[in-house]
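From first to last, the protein sequence lines stand for chains A and B.
Going by numbering that gives the first Met the number 0, the first sequence opens with residue 0, and the numbers climb by one from there.
Going by numbering that gives the first Met the number 0, the second sequence opens with residue 0, and the numbers climb by one from there.
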Amino acid sequence: MLPLASILFEVVGKGLPAISLSFLTRPTGNVTDPSSGIGNAIEGTLILIGVTCLIAVPIGLFAGIYLAEFGDNKFGRTIRFLNDVLAEFPSIVIGILAFSVVVIAIGHFSAIAGAVALSIIMLPIVTRTTEESIKLVPSSIRDASMALGIRRWRTSLSVVLVTAKDGVITGIMLSIARISGETAPLLLTVLGSGFFFSGLDQPIDALPLRIFTDYKNSNYPSALAQGWGAALVLIMLVLGLNLGVRLLTRGRSSFARARA
Amino acid sequence: MSLSEEARPQQAKTPIRKRLDALLALRFSIDDLFETSTTILAASIILIITVTSVLLIRGSIPVLEGFKTGFFTGTNWISVAGSESYGVLPYVLGTLVTSAIAVAVGVPLSLGIAIFLAEMAPWSVRNALSRVIELLAAVPSIIYGFWGLFVFRFWIRDYLEAPITSYAGAFPVFQGTPFGLDILTAGLILAIMIIPTVSSISKDVMMAVPSSQREAAYSIGATRWEVVRTGVLGYARSGIFGAIILGLGRAVGETMAVTMVIGNASGSAALPTSLFKQGATMASVIANEFGEAESGSLHLSALIGIGLTLFLFALVINVFAQVMVWRVLKVRGGSVE
Chain A
0 MLPLASILFE
10 VVGKGLPAIS
20 LSFLTRPTGN
30 VTDPSSGIGN
40 AIEGTLILIG
50 VTCLIAVPIG
60 LFAGIYLAEF
70 GDNKFGRTIR
80 FLNDVLAEFP
90 SIVIGILAFS
100 VVVIAIGHFS
110 AIAGAVALSI
120 IMLPIVTRTT
130 EESIKLVPSS
140 IRDASMALGI
150 RRWRTSLSVV
160 LVTAKDGVIT
170 GIMLSIARIS
180 GETAPLLLTV
190 LGSGFFFSGL
200 DQPIDALPLR
210 IFTDYKNSNY
220 PSALAQGWGA
230 ALVLIMLVLG
240 LNLGVRLLTR
250 GRSSFARARA
Chain B
0 MSLSEEARPQ
10 QAKTPIRKRL
20 DALLALRFSI
30 DDLFETSTTI
40 LAASIILIIT
50 VTSVLLIRGS
60 IPVLEGFKTG
70 FFTGTNWISV
80 AGSESYGVLP
90 YVLGTLVTSA
100 IAVAVGVPLS
110 LGIAIFLAEM
120 APWSVRNALS
130 RVIELLAAVP
140 SIIYGFWGLF
150 VFRFWIRDYL
160 EAPITSYAGA
170 FPVFQGTPFG
180 LDILTAGLIL
190 AIMIIPTVSS
200 ISKDVMMAVP
210 SSQREAAYSI
220 GATRWEVVRT
230 GVLGYARSGI
240 FGAIILGLGR
250 AVGETMAVTM
260 VIGNASGSAA
270 LPTSLFKQGA
280 TMASVIANEF
290 GEAESGSLHL
300 SALIGIGLTL
310 FLFALVINVF
320 AQVMVWRVLK
330 VRGGSVE
């Protein structure tokens with residue numbers, strides 16, 4: 000408990016003085032400039048989250064549906080096992096993967112490479128929580144739908160998945176919280192930037208990267224203050240997502256959460 | 000509807016084969032298409048793991064050809080063009096030593112927390128405390144790193160390392176000036192970071208132990224501790240072991256927090272001969288040097304080679320851990336996992 004209390008205390012205490020409207024909206028540019036802010040990092044994190052969700056959520060949903068509905072065979076068990084293994088991969092190895100595939104293909108660091116890396120981190124979490132949530136849906140609901148003559152794919156998507164949506168949304172939100180704090184894969188893929196978004200094939204900034212850059216420049220007091228401010232914004236985003244989800248879904252098994 | 004109903008028994012035997020046959024014969028319904036598409040997307044997970052292995056191996060071929068097994072046993076790390084030399088041994092040892100500290104310190108604490116939560120705490124305390132532990136798990140590692148660098152480091156330096164140096168500075172493992180940015184601090188911050196993982200999975204595993212186990216132990220006159228030790232820990236041991244190994248896996252792969260507190264030595268200077276020495280781990284070297292490596296250079300290949308080594312470590316550890324955790328949680332039956 001002590002570490003959490005100390006982290007919150009330090010981050011709030013040192014981050015709060017840095018926060019102002021211009022700090023949250025101005026681009027970084029030169030960090031020693033008094034008008035330097037983290038607007039570009041916040042924007043970059045939101046863009047990365049958006050693109051990552053576009054890639055990982057559909058694949059994860061369908062993979063989860065497969066595991067829950069058709070996965071009771073050898074192939075399904077293999078996928079489930081590999082999915083759990085993938086969920087625990089070191090994120091820096093996933094960064095190398097995205098670097099080798101996307102960065103080398105495009106020829107330079109880019110936002111899309113970061114989104115690919117984050118998608119690979121997000122995918123197993125979404126898959127697993129979707130599967131778990133679907134399995135909790137009582138079979139009577141599925142039977143009722145089938146008895147009305149509704150086709151299996153409609154039953155899966157419009158009846159079972161909709162019934163399971165609370166759990167699915169929980170999984171997606173927790174995985175967003177997880178990826179928004181990931182730094183190591185971004186170092187290898189999006190590089191970071193001092194300016195606003197200029198295209199998915201260009202480098203982009205993100206909150207965790209901004210904190211890391213500020214750490215490297217921490218002999219400048221302004222960079223250090225900016226780092227604490229960015230840390231406060233990031234921790235509020237991550238803990239806010241977590242607390243929000245937990246308030247919405249009390250009393251579910253903590254196993255899936257511990258993994259997320 | 001009727002088609003998919005009839006198809007079910009066959010499907011259990013050779014699902015992939017049946018799908019393929021149907022596709023090739025162009026006789027499929029929307030239901031078949033739906034099942035096929037979910038199967039393909041699920042298979043993307045296999046694809047990702049395969050592509051990762053292939054790319055890591057391909058990327059590290061130049062350095063493996065250049066240094067053969069010397070890449071794994073060498074202790075030099077020189078990226079200056081002309082006198083390049085790459086050996087990952089100091090970084091592998093750095094990873095192993097920091098992870099060992101994390102497990103040695105973090106696991107007893109985690110098990111204490113898990114036993115308290117699963118066996119002793121009243122329902123309300125269990126709920127509140129579990130929630131705090133989950134929040135601790137959610138804090139991004141870069142924030143642990145920032146906190147470690149500007150706060151935790153000084154606690155370690157002033158309250159742990161300085162007293163140790165004055166009383167036991169003569170032991171080889173405590174050689175060096177206490178500075179706070181060293182292998183010990185990295186190991187301890189990893190210990191804090193694995194506590195949420197290990198304690199929450201251990202708690203779930205312990206709560207999955209049937210209550211008949213506890214009742215049986217009580218009925219032959221066991222004390223409360225004996226019930227926990229023989230009835231619960233004995234029954235759940237392979238799951239708890241799995242939780243510990245999963246924690247180890249997290250510690251091995253953890254990057255940012257370690258990079259920021261370990262001091263980042265290079266080459267043979269990074270050999271972990273003392274706890275108070277600056278070191279480096281496999282992950283921290285990749286994070287530090289990846290941006291400097293020219294594309295196509297031997298340096299980049301060496302870094303990917305470290306990635307390959309780390310990948311193999313993580314793969315072995317995680318496969319092992321998953322098997323252990325599964326064995327216990329399966330007992331509960333149904334979809335508990």
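All C-beta atoms, glycine included, are put in the ideal place defined by N, C-alpha and C.
Reduced DSSP secondary structure (H/G/I, E/B, other) of residue i
i, result
"residue 311(B)", "helix"
"residue 2(B)", "Annotation note: pLDDT 47 at residue 2(B) (below 50); position unreliable, coordinate value reported separately. Helix at residue 2(B)."
"residue 223(A)", "helix"
"residue 271(A)", "There is no way to answer for residue 271(A), as the model of chain A reaches only from 0 to 259."
"residue 20(A)", "helix"
"residue 175(B)", "coil"
"residue 287(B)", "helix"
"residue 263(A)", "Outside the modelled stretch of chain A, which goes from 0 to 259, sits residue 263(A), for which no answer is possible."
"residue 236(B)", "helix"
"residue 144(A)", "helix"
"residue 104(B)", "helix"
"residue 174(A)", "helix"
"residue 183(A)", "helix"
"residue 125(A)", "helix"
"residue 294(B)", "coil"
"residue 150(A)", "coil"
"residue 25(A)", "coil"
"residue 267(B)", "helix"
"residue 337(B)", "The structure shown does not extend to residue 337(B), since chain B is modelled only from 0 to 336, so the question has no answer here."
"residue 212(A)", "helix"
"residue 99(B)", "helix"
"residue 17(B)", "helix"
"residue 164(A)", "helix"
"residue 274(B)", "coil"
"residue 39(A)", "helix"
Outcome for residue i when other beta-carbon atoms lying within 10 angstroms are tallied against a minimum of 16
i, result
"residue 201(B)", "buried"
"residue 209(B)", "exposed"
"residue 101(B)", "buried"
"residue 142(A)", "exposed"
"residue 224(B)", "exposed"
"residue 106(A)", "exposed"
"residue 1(A)", "exposed"
"residue 215(A)", "exposed"
"residue 72(B)", "exposed"
"residue 4(B)", "For residue 4(B), the predicted structure reports a pLDDT of 46, less than 50, and the residue's modelled location is therefore unreliable. The matter cannot be settled from this model."
"residue 119(B)", "exposed"
"residue 29(B)", "exposed"
"residue 254(A)", "The predicted position of residue 254(A) is uncertain, since its pLDDT is 41 and thus under 50; a value taken from the coordinates is nonetheless stated next. Burial call: buried."
"residue 123(B)", "exposed"
"residue 161(A)", "exposed"
"residue 71(A)", "exposed"
"residue 34(B)", "buried"
"residue 290(B)", "exposed"
"residue 315(B)", "exposed"
"residue 28(A)", "exposed"
"residue 129(A)", "buried"
Cross-strand partners of residue i (DSSP beta bridge)
i, result
"residue 84(B)", "77(B)"
"residue 203(A)", "190(A)"
Residue i CB to nearest heavy atom of the ligand SAH below 8 Å
i, result
"residue 9(A)", "Looking for the ligand SAH in the displayed structure turns up nothing, as the structure carries no ligands at all."
(request) Residues of the region 181-194 of chain A with a CB closer than 8 Å to any CB of chain B: list them in chain order, please. (result) If you check each beta-carbon in the region 181-194 of chain A against every beta-carbon of chain B, the ones closer than 8 Å belong to 181, 182, 183, 186, 187, 190.
(request) Could you run through the region 210-243 of chain A and flag, in chain order, every residue whose CB is less than 7 Å away from some CB of chain B? (result) Answer in chain order: 210, 211, 214, 226, 230, 233, 234, 237, 238, 241.
(request) Could you name each continuous alpha helix (DSSP H) segment of 4 residues or more that falls completely within the region 118-162 of chain B, going from the start of the chain to the end? (result) Within the region 118-162 of chain B, complete alpha helix (DSSP H) segments of at least 4 residues are found at 122-137, 140-146, given in chain order.
(request) Scan the region 134-152 of chain A for residues whose Cβ lies nearer than 9 Å to a Cβ of chain B and list them as they occur along the chain. (result) Here the close residues are 134, 135, 145, 148, 149, 150, 151, 152.
(message) My parser needs the alpha helix (DSSP H) runs of 4 or more residues fully inside the region 69-118 of chain A; what are they?
(response) Counting whole runs of 4 or more residues, the region 69-118 of chain A contains the alpha helix (DSSP H) stretches 73-86, 90-97.
(request) For the region 33-53 of chain A, enumerate the residues whose C-beta is nearer than 8 Å to any C-beta of chain B, in chain order. (result) Close to chain B, meaning a Cβ-Cβ distance shorter than 8 Å, is no residue of the region 33-53 of chain A at all.
(message) Short of 8 Å Cβ to Cβ, which residues in the region 159-171 of chain A face chain B?
(response) For the region 159-171 of chain A, the set of positions with a beta-carbon nearer than 8 Å to some beta-carbon of chain B is empty.
(request) With 7 Å as the limit, tell me which residues of the region 54-73 of chain A have their beta carbon closer than that to any beta carbon of chain B; keep them in chain order. (result) From the region 54-73 of chain A, only 58, 61, 62, 64, 65, 66, 69, 72 have a Cβ closer than 7 Å to chain B.
(request) Give the residues from the region 72-88 of chain A that approach chain B closer than 7 Å (Cβ to any Cβ), ordered along the chain. (result) So the list reads 72, 74, 78, 80, 81, 82, 83, 84, 85, 87, 88, given in the order they occur along the chain.
(request) Could you name the residues of the region 136-149 of chain B whose beta carbon sits closer than 9 Å to any beta carbon of chain A, in the order they occur along the chain? (result) Listed by position along the chain: 136, 137, 138, 139, 140, 141, 142, 143, 144, 145, 146, 148, 149.
(message) Output needed in chain order: residues of the region 317-328 of chain B with a Cβ under 7 Å from some Cβ in chain A.
(response) With the criterion set as a beta carbon lying under 7 Å from some beta carbon of chain A, the members of the region 317-328 of chain B are 317, 318, 321, in sequence order.
(request) Mind checking the region 283-299 of chain B against chain A and listing, in chain order, the residues whose C-beta falls within less than 8 Å of any C-beta there? (result) Against chain A - using a Cβ distance shorter than 8 Å - the residues of the region 283-299 of chain B are 285, 286, 289, 290, 294.
(request) Within the region 197-259 of chain B, note down every full beta strand (DSSP E) run reaching 3 residues or more, in order along the chain. (result) Segments of the beta strand (DSSP E) lying fully in the region 197-259 of chain B: there are none.
(request) Report the residues of the region 244-264 of chain B with a CB closer than 9 Å to any CB of chain A, ordered along the chain. (result) Of all residues in the region 244-264 of chain B, only 245, 248, 249, 251, 252, 253, 254, 255, 258, 259 come within less than 9 Å of chain A when Cβ atoms are compared, listed by chain position.
(request) Report the residues of the region 119-132 of chain B with a CB closer than 9 Å to any CB of chain A, ordered along the chain. (result) Flagged, chain order: 126, 128, 129, 130, 131, 132.
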